[in-house]
Amino acid sequence: MIGYVTVGTNDLERAARFYDPIAAELGVGRMMDFDSFIAWGNMDGAAGIAATKPFDGEAATVGNGTMVALQAQDRDQVQRLYDIALANGGTSEGEPGPRGEPDANGMVFYAAYFRDPDGNKLNAFLMDKVT
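Just so we're aligned, residue 103 is where the sequence shown starts under the numbering used here, counting upward by one.
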């Protein structure tokens, strides 16, 4: 249903330095690259993410309550994505770990939360068996 998600940036080069290694960890690269817009993902693949300077020329701002969730393969990848984010100008909003109680099937929401250099909130997550 979702084709891609866009976050605003005031510095596209800085956004690229942040999102390029995250996309690489997720096994994708840039699918579109313009002067004011970069999108990462695969055409006709799963939902991608894009960073753009606002069309109206105003400063990009963060949406309160808005977050982009990146689905990880396993707990190790959640950790790697979190580490990549922090190593590339991101800030922590919650270290990797289980959130909430396991469901009836023994699955728990496992996630790490971080912000990109423009303040956009993201998380890396998966549903995983309780260990």
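Cβ coordinates follow ideal geometry from the N, Cα and C atoms, glycine included.
Please read all numbers here as calculations on a predicted model, not as lab measurements.
- Counting only residues of its own chain and dropping the five nearest sequence neighbours on each side, A149 has a CB closer than 8 Å to the CB of I104, G105, Y106, V107, G143.
- Three or more beta-carbon pairs drawn from the region 183–198 and the region 208–219 are found closer than 8 Å, and the two stretches are therefore classed as touching.
- For F120, the uninterrupted alpha helix (DSSP H) run begins and ends at 114–127, by DSSP.
- Judged by beta-carbon spacing, Q179 lies within the 9 Å limit of L228, meaning their Cβ atoms are closer than that value.
- Closest in alpha carbon position to A152, among Y121, V232, R201, is Y121.
- Within the region 144–186, no run of alpha helix (DSSP H) at least 4 residues long lies entirely inside it.
- For F227, the enclosing beta strand (DSSP E) begins and ends at 223–231.
- Secondary structure of A213 (DSSP, three-state): strand.
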